[in-house]
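Since the structure comes first, as structure tokens, the remarks are kept for the end.
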Amino acid sequence: MPSTDVSPLIARSWLLVPASKPELFQIAQESEADAIIIDIEDAVAAKDKAQARDDTVAWLSSGHRAWVRINDAASEFWSTDCAALKDVPGLEGVMLAKTESASHVNDTADRLPEGMPILALVETARGVLHVEQISNAPSTFRIAFGTGDFKRDTATGEDPVALAYARSQLVIASRAARLPAPIDGPTLSAEALVDGTRLAKEMGMSGKLCLTHTQAATINAGLAPSPEDVAWAHGFVRAFEESGGKITDGSDLPRLARAQKIQTQARDFGIEADAAELGSLNY
251 MPSTDVSPLI
261 ARSWLLVPAS
271 KPELFQIAQE
281 SEADAIIIDI
291 EDAVAAKDKA
301 QARDDTVAWL
311 SSGHRAWVRI
321 NDAASEFWST
331 DCAALKDVPG
341 LEGVMLAKTE
351 SASHVNDTAD
361 RLPEGMPILA
371 LVETARGVLH
381 VEQISNAPST
391 FRIAFGTGDF
401 KRDTATGEDP
411 VALAYARSQL
421 VIASRAARLP
431 APIDGPTLSA
441 EALVDGTRLA
451 KEMGMSGKLC
461 LTHTQAATIN
471 AGLAPSPEDV
481 AWAHGFVRAF
491 EESGGKITDG
501 SDLPRLARAQ
511 KIQTQARDFG
521 IEADAAELGS
531 LNY
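Per our numbering, the sequence shown runs over residues 251 to 533.
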């Protein structure tokens with residue numbers, strides 16, 4: 251069942267849908283993805299962009315809602331993208347491709363309705379170098395990591411260690427700017443998706459791009475607390491409250507903060523505690 255009622259502030263799965271394939275729009279909307287992004291940048295050849303843009307505007311003007319990935323600010327298509335989307339009623343926000351500076355975000359915001367959220371896609375060395383400025387741009391809503399283009403730009407390999415620095419930079423910059431945790435790039439192999447999602451969570455990211463709707467459920471589960479986590483959180487908070495909030499050692503307050511965060515996530519994502527686990531754990 252679709253989960254598009256999840257706030258984009260905490261959305262886990264971000265499904266990229268080629269704008270050149272409008273027959274996929276409805277399938278995406280009915281999927282389990284937390285957020286849908288219609289892609290008129292890398293997913294569309296230059297000769298097809300005009301038609302893809304028109305199809306996107308038509309769909310968003312007929313009662314549907316989605317984000318749109320627009321072409322980067324240095325491209326010949328960016329200005330036309332912004333103009334076409336400016337008054338579209340179903341536009342949730344834009345993902346700005348190849349964001350490399352705060353000015354890219356600011357210039358885009360100037361061409362869109364006031365308050366339109368911009369998801370800054372960082373996918374080059376220059377973008378990572380300037381991610382602190384990008385994160386602090388007034389219209390930056392959240393940061394996403396374009397791993398494919400970043401690997402091309404930097405000749406970085408597939409080993410997760412090779413991308414650890416860049417991922418950490420995005421996480422730290424987002425936190426310092428009081429933004430939601432960033433969104434990781436897609437995992438192309440279905441076999442590697444569980445590990446790729448686990449890595450994103452371990453690095454401090456709270457969302458992940460995907461290129462097919464079949465990956466959404468795995469990403470959602472991997473980036474949400476497990477029923478066992480929820481049971482632990484409920485039990486810890488209950489025990490803490492029953493003790494009168496007594497602090498026994500230096501780990502109590504950090505564990506309480508973690509438990510309260512898990513409880514909030516469980517409410518947001520509709521996750522129930524594991525009853526057996528809740529009854530068996532000691533706190």
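No residue lacks a Cβ here, since even glycine has one placed at the ideal position from N, Cα and C. The structure displayed is predicted, hence computed values, not measured ones.
Residue interval of the beta strand (DSSP E) (run including Thr390): Residue mapping note: residue 390 aligns to position 140 of the sequence shown, counting from 1. Looking at the DSSP string, the run of the beta strand (DSSP E) that includes Thr390 is 390-395.
What distance in whole Å lies between the Cβ atoms of Ser281 and His463, which are believed to be in contact at a cut-off of 8 Å? Start at 1 with the first residue of the sequence shown, and residue 463 comes out as number 213. Start at 1 with the first residue of the sequence shown, and residue 281 comes out as number 31. Yes, they are in contact, since the Cβ atoms of His463 and Ser281 sit about 4 Å apart, within 8 Å.
Proximal residues to Phe486 (C-beta, below 8 Å), its chain only, five neighbours per side dropped: If you number the sequence shown from 1, residue 486 lands on position 236. Excluding sequence neighbours, Phe486 sits near Arg505, Leu506, Ala509, Tyr533.
Using the Cβ count rule (16 or more neighbours within 10 Å means buried), how would you classify Asp289? Against the sequence shown, residue 289 aligns to sequence position 39. Around the beta carbon of Asp289, 16 or more other beta carbons sit within 10 angstroms, so the residue counts as buried.
Closest by CA to Ala302, which one among Leu274, Leu369, Leu438? Translated into positions along the sequence shown, residue 302 becomes position 52. Considering only Leu274, Leu369, Leu438, the residue with the shortest C-alpha distance to Ala302 is Leu274.
Given 8 Å as the limit, is there contact between the region 303-322 and the region 337-354, that is, 3 or more CB pairs closer than that? Note that the region 303-322 touches the region 337-354; at least 3 beta-carbon pairs, one per stretch, sit closer than 8 Å.
Per the DSSP calculation, Asp434 is bridged to which residue(s)? Counted from its first residue, the sequence shown places residue 434 at position 184. DSSP output for Asp434 lists Lys458 as bridge partner(s).
Put Ile497 into one of helix, strand or coil per three-state DSSP. In the sequence shown, the residue the question calls residue 497 occupies position 247. Ile497: coil per DSSP, three-state reduction.
State the DSSP-derived secondary structure class of Ile521, mapped to helix, strand or coil. Taking the sequence shown and counting its residues from 1, one reaches residue 521 at position 271. In the structure shown, Ile521 sits in coil (DSSP, three-state: anything other than H, G, I, E or B).
Extent of the continuous alpha helix (DSSP H) to which Ala534 belongs: Absent from the model: residue 534. The displayed extent of the chain is 251 to 533, so no value can be given.
Spatial neighbours of Leu413 within its chain, please: C-beta separation below 7 Å, excluding the five flanking residues on both sides. Sequence index remark: in the sequence shown, residue 413 carries index 163 (1-based). Here the set comprises Thr397, Thr406.
Quick check on the DSSP output: what are the complete beta strand (DSSP E) runs of length 3 or more inside the region 268-292, in order along the chain? Whole beta strand (DSSP E) segments, 3+ residues: 285-289.
What's the C-alpha gap between Asp357 and Leu335? If you number the sequence shown from 1, residue 357 lands on position 107. If you number the sequence shown from 1, residue 335 lands on position 85. C-alpha separation (whole angstroms): 15 Å.
Evaluate Asp337 with the Cβ neighbour count: other Cβ atoms within 10 Å of its Cβ, from every protein chain shown; 16 or more gives buried, anything less gives exposed. For the purposes of this step, residue 337 is taken as residue 87 along the sequence shown, with counting starting at 1. Per the 10 Å Cβ criterion, exposed.
Looking at the C-beta of Val421, does it have a partner C-beta in chain C at a distance below 7 Å? Chain labels in this structure do not include chain C; a single protein chain is all it has.
Please go through the same chain and pick out, in chain order, the residues whose beta-carbon is closer than 6 Å to the beta-carbon of Ala293, but skip the five residues on each side of it. One-based indexing of the sequence shown puts residue 293 at position 43. Excluding positions up to five away in sequence, the list reads Pro268.
Could you compute how far the alpha carbon of Ile512 sits from the alpha carbon of Ala467? Locating residue 512 in the sequence shown gives position 262, counting from the first residue. Locating residue 467 in the sequence shown gives position 217, counting from the first residue. Just so you know, the alpha carbons of Ile512 and Ala467 end up roughly 19 Å apart.
Please state the DSSP three-state secondary structure of Ala316. For the purposes of this step, residue 316 is taken as the residue at position 66 of the sequence shown. Note: Ala316 maps to strand in three-state DSSP.
DSSP state of Val338, grouped into three classes? As a working note, residue 338 is residue 88 in the sequence shown. Under the three-state reduction of DSSP output, Val338 falls in the coil class, being neither helix nor strand.
With burial defined as no fewer than 16 other Cβ atoms inside 10 Å of the residue's Cβ, what is the status of Ser389: buried or exposed? For the purposes of this step, residue 389 is identified with residue 139 of the sequence shown, where counting begins at 1. By the neighbour-count criterion, in which a residue is buried when 16 or more other Cβ atoms sit within 10 angstroms of its Cβ, Ser389 is buried.
Given a threshold of 16 other Cβ atoms within 10 Å of its Cβ, counted over all protein chains shown, does Asp421 qualify as buried or as exposed? Start at 1 with the first residue of the sequence shown, and residue 421 comes out as number 171. Per the sequence presented here, residue 421 reads as Val, with Asp not at that position. With 16 or more other Cβ atoms from the protein chains shown falling within 10 Å of its own Cβ, Val421 counts as buried.
Quick check on the burial criterion: 16 or more other C-beta atoms within 10 angstroms. Buried or exposed for Thr498? Along the sequence shown, read from residue 1 onward, the residue named residue 498 stands at position 248. Classification for Thr498: exposed.
Taking Thr447 as the reference, give the member of Asp399, Ile469, Ser424 with the closest Cα. Indexing the sequence shown from 1 puts residue 447 at position 197. When Asp399, Ile469, Ser424 are compared, the shortest CA-CA separation from Thr447 is found for Ile469.
Determine the direct distance from the alpha carbon of Ala370 to that of Ala387, and round the result to whole angstroms. Position 137 of the sequence shown, counting from 1, holds the residue named residue 387. Position 120 of the sequence shown, counting from 1, holds the residue named residue 370. When only Cα atoms are considered, Ala387 and Ala370 end up about 10 Å apart.
Using the Cα positions of Leu266 and Glu491, report the straight-line distance between them to the nearest angstrom. Looking up residue 266 in the sequence shown gives position 16. Looking up residue 491 in the sequence shown gives position 241. Cα atoms of Leu266 and Glu491: separation of roughly 44 Å, rounded to the nearest angstrom.
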